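Residue numbers (the working numbering), protein chains in the order written: chain A, 22 to 308; chain B, 3 to 484. Here's the structure we're looking at; comments come further down.
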């Protein structure tokens with residue numbers, strides 16, 4: 022029995038590729054069901070969100086302009102890094118109440134999901150683009166383009182898989198994202214940020230906040246520089262609030278009900294398309 | 003050849019003697035024309051001479067409810083059960099009947115809305131029938147439109163359309179809705195209801211099952227009743243961003259789907275290496291097509307510094323040749339402003355533009371005494387923050403700015419809450435691809451402007467709307483994917 026004292030992890034936010042504490046100085050005490058471990062989670066504020074939005078907007082253009090092949094490799098890299106950190110996620114997931122087997126499942130599926138979307142990053146454009154047979158002497162084609170900055174309220178009932186399932190299609194499509202992690206199971210979110218940080222994801226492309234959904238949902242949905250808002254959950258009042266606030270600047274609204282995210286049917290190139298715009302270009306054909 | 007040739011055009015009016023219009027139109031509900039419950043009618047006038055053409059029923063909540071019930075009934079009992087290929091045949095029929103009656107429809111469109119007959123004859127009506135024809139063929143091929151998914155209809159679609167392209171907008175909305183298996187309650191704009199009601203006659207002729215398409219006329223309140231009706235499953239709206247936002251709020255939490263085609267303030271960008279004469283034609287088409295009553299109009303012009311003087315002097319010269327006048331005359335380029343209200347709005351913006359310090363130029367055309375008219379107008383010496391640069395005017399008014407570099411013009415072009423369309427003029431291919439990629443808008447015209455086709459998706463980024471109309475993409479707004 023050694024007398025060594027463990028070094029405990031400080032859970033912070035992930036904004037603009039850095040790990041700041043919340044500017045508000047507030048925290049949420051989180052403990053496991055046996056109260057054997059107690060962790061202070063940052064209680065993110067409106068200002069934290071706004072800071073993250075500035076970073077996400079600044080980053081979004083250059084991310085969308087990268088080659089699809091490059092984005093695909095970075096998504097694959099996230100999967101690689103996650104694989105290498107299994108033990109850390111195992112510990113956090115079991116601490117948050119999953120059995121060893123459930124935790125293993127969640128990690129496996131999360132990695133597989135990243136690889137799935139890595140593969141789509143350089144193909145969905147091909148599948149969903151069209152050359153249109155217009156009845157005029159013009160060349161006319163339609164391609165999907167990233168909508169810009171996405172704000173997302175991640176699923177509350179999973180710590181890792183829900184978060185990965187929301188982030189991956191958004192960034193595979195060339196958007197940047199500010200995401201609010203699960204309030205009930207927040208531990209994996211900041212560890213995932215460490216994974217992202219070491220995966221060549223450019224700073225500002227993924228920003229992760231922790232905090233109270235009830236406090237932040239208003240700000241996520243009403244911010245005037247957000248292009249699309251993703252809401253995961255079944256609360257009718259939340260849904261109505263998100264849809265109402267989306268009207269302020271015509272945000273695209275994407276909603277996912279509570280669902281078993283481990284099922285294959287919840288991964289799809291159509292999820293990528295939910296945060297894509299449609300651009301059609303005309304040019305005359307002639308001499 | 004120093005002598006200026008004076009081109010005189012003899013009048014060439016399209017005849018109206020073959021047009022049959024009733025004195026009064028009722029609501030088209032469940033396959034029949036019914037009087038409105040309130041007994042109220044409103045007049046629709048010809049904006050080029052302010053004469054009343056006909057009067058049209060005003061649908062209230064009760065009438066809308068009746069229309070929605072008939073659409074729901076038709077959806078549940080007939081339309082959703084009909085084999086897709088049969089559904090398609092009905093839509094083909096509508097396309098054919100419209101083609102046969104194209105001349106009649108063009109004249110009515112021009113009388114009711116004020117647009118030049120040349121445009122209704124060559125653009126609005128042929129495109130409307132093309133939309134039905136294109137979408138008819140999709141009805142039994144939807145599994146090819148959505149790989150890996152099954153497309154199911156949504157139910158009853160409430161469709162609210164504007165006055166700038168009355169029949170064409172009806173076709174944009176109706177054709178995809180029907181092809182994907184939905185039924186419809188359509189509300190045309192209050193100033194231009196006639197071609198939609200004539201279309202209802204065609205729908206009768208085509209023997210479309212009663213209730214599949216219902217047409218209710220009225221103003222904002224009628225639209226509101228459609229948006230708020232609990233049995234409407236989807237709202238498709240084309241109109242102002244302001245009303246679009248209202249609709250989003252109104253349907254929030256209801257589970258209703260929506261697609262919105264809203265306002266725009268398109269940047270039309272002329273580079274020094276453009277074919278200048280073509281570009282000048284493009285500018286004219288971008289802003290003066292349909293009196294500028296076009297949501298995707300190229301209303302912000304950006305000219306690269308080296309060609310500013312050349313472009314503006316050619317533009318002024320070309321503006322002087324535009325014929326403003328009788329919309330029924332085949333030589334007319336610019337017809338009447340759609341309504342008195344719209345004319346006042348345009349005039350107030352022009353006043354504002356001068357007040358903000360802009361230099362105004364208007365063509366010296368003669369303008370008829372009766373009716374609503376506005377001369378083609380351009381502003382120079384304006385800046386990005388001016389209201390005539392930021393806000394949608396929806397009239398023949400162009401705001402011109404200059405730029406030096408590509409980065410500068412992209413920043414200016416994208417500095418707008420709107421993102422519907424854009425234009426770029428250059429003879430350099432790589433520049434076209436760069437600029438068309440960087441403009442944050444849904445439809446980009448390179449070395450052309452204001453082209454439309456049923457196979458080509460149309461829709462906006464940012465506050466210009468949600469969803470597309472036309473092409474494969476346009477189908478997705480009318481299906482649930484399972």
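From the three backbone atoms N, C-alpha and C, an ideal C-beta is built for every residue, glycine too. In this text, all values refer to a predicted model and were calculated from it rather than measured experimentally.
Residues of chain B with CB under 7 angstroms from residue 299(A), in chain order?
-> 444, 459, 461, 470, 475
Is there at least one Cβ from chain B nearer than 8 angstroms to residue 96(A)'s Cβ?
-> no
Residue 246(A) beta carbon less than 8 angstroms from that of residue 74(A) = yes
Nearest to residue 466(B) by CA position, among 196(B), 443(B), 482(B), is which residue?
-> 443(B)
For residue 338(B), decide whether its Cβ has a neighbour in chain A, counting only Cβ atoms nearer than 8 angstroms.
-> no
For residue 191(A), return the contacting residues in chain B, with the cut-off set at a CB-CB distance below 8 angstroms.
-> Correct list: empty, because the minimum Cβ distance to chain B is about 17 angstroms.
Beta-carbon spacing of residue 254(B), residue 483(B) below 8 angstroms | no
8 angstroms CB neighbourhood of residue 279(B) in its chain, flanking five on each side removed = 316
Alpha-carbon to alpha-carbon, residue 150(A) and residue 337(B) | 38 angstroms
Taking 8 angstroms as the threshold, find out whether the stretch 17-32 of chain B comes into contact with the stretch 65-85 of chain B through three or more Cβ pairs.
-> yes
Same chain, Cβ closer than 6 angstroms to residue 243(B), five either side skipped, listed in chain order = 264, 265, 465
Whose CA, out of 411(B), 456(B), 481(B), lies closest to the CA of residue 2(B)?
-> Examination of residue 2(B) is not possible in this model, given that chain B is present from 3 through 484 alone.
For the beta strand (DSSP E) that contains residue 253(A), what are its first and last residues?
-> 249-253
Could you give the C-beta distance for residue 403(B) and residue 304(B), rounded to a whole number, given that I count them as a contact under 8 angstroms?
-> 6 angstroms
Cα-Cα, which of 43(A), 55(A), 56(A) is closest to residue 65(A)?
-> 43(A)
Step through the CB atoms of chain A and report whether any lies within less than 8 angstroms of the CB of residue 436(B).
-> no
From this set, 381(B), 299(B), 372(B), which residue's C-alpha is nearest residue 453(B)'s C-alpha?
-> 299(B)
At a CB-CB cut-off below 7 angstroms, which residues of chain B make contact with residue 302(A)?
-> 438, 446, 448
Check whether the Cβ atoms of residue 204(B) and residue 110(B) sit closer than 8 angstroms, and answer yes or no.
-> no
Might you give, ordered along the chain, the residues of its own chain that have their beta carbon closer than 8 angstroms to the beta carbon of residue 294(A), omitting 5 neighbours on each side?
-> 145, 149, 165, 194
Spatial distance of residue 227(B) from residue 154(A) (CA atoms) | 38 angstroms
Closer than 7 angstroms at the beta carbon, the chain B residues around residue 305(A) | 449, 450
May I ask which residues mark the beginning and end of the beta strand (DSSP E) holding residue 31(B)?
-> 29-31
Determine the direct distance from the alpha carbon of residue 307(A) to that of residue 158(A), and round the result to whole angstroms.
-> 8 angstroms
Going by the beta-carbon positions, is the gap between residue 376(B) and residue 340(B) smaller than 8 angstroms?
-> no
Chain A within 8 angstroms of residue 465(B), Cβ atoms only | yes
Does the beta-carbon distance from residue 314(B) to residue 382(B) come in below 8 angstroms?
-> yes
C-beta neighbour in chain A for residue 132(B), strict 8 angstroms = yes
Listing by chain order, which chain B residues have their CB less than 7 angstroms from the CB of residue 260(A)?
-> 255
Does residue 264(A) get closer than 8 angstroms to chain B when you measure Cβ to Cβ?
-> yes
Taking residue 206(A) and residue 243(A) to be in contact with their CB atoms under 8 angstroms, please state how far apart those CB atoms are, rounded to whole angstroms.
-> In fact, because the Cβ distance is near 26 angstroms, the residues do not count as touching under 8 angstroms.
3 or more residues per run - each beta strand (DSSP E) lying fully within the stretch 295-380 of chain B | 302-306, 361-364
Which chain B residues sit within Cβ distance under 7 angstroms of residue 75(A)?
-> Here the premise fails: no neighbours, minimum Cβ distance about 17 angstroms.
Go through its chain and collect everything with a Cβ distance to residue 215(B)'s Cβ below 6 angstroms, but skip five positions before and after it.
-> 186, 205
Tell me, please, whether the stretch 407-423 of chain B touches the stretch 266-286 of chain B by the rule of three or more beta-carbon pairs shorter than 8 angstroms.
-> yes
Between which two residues does the beta strand (DSSP E) containing residue 273(A) stretch?
-> 273-277
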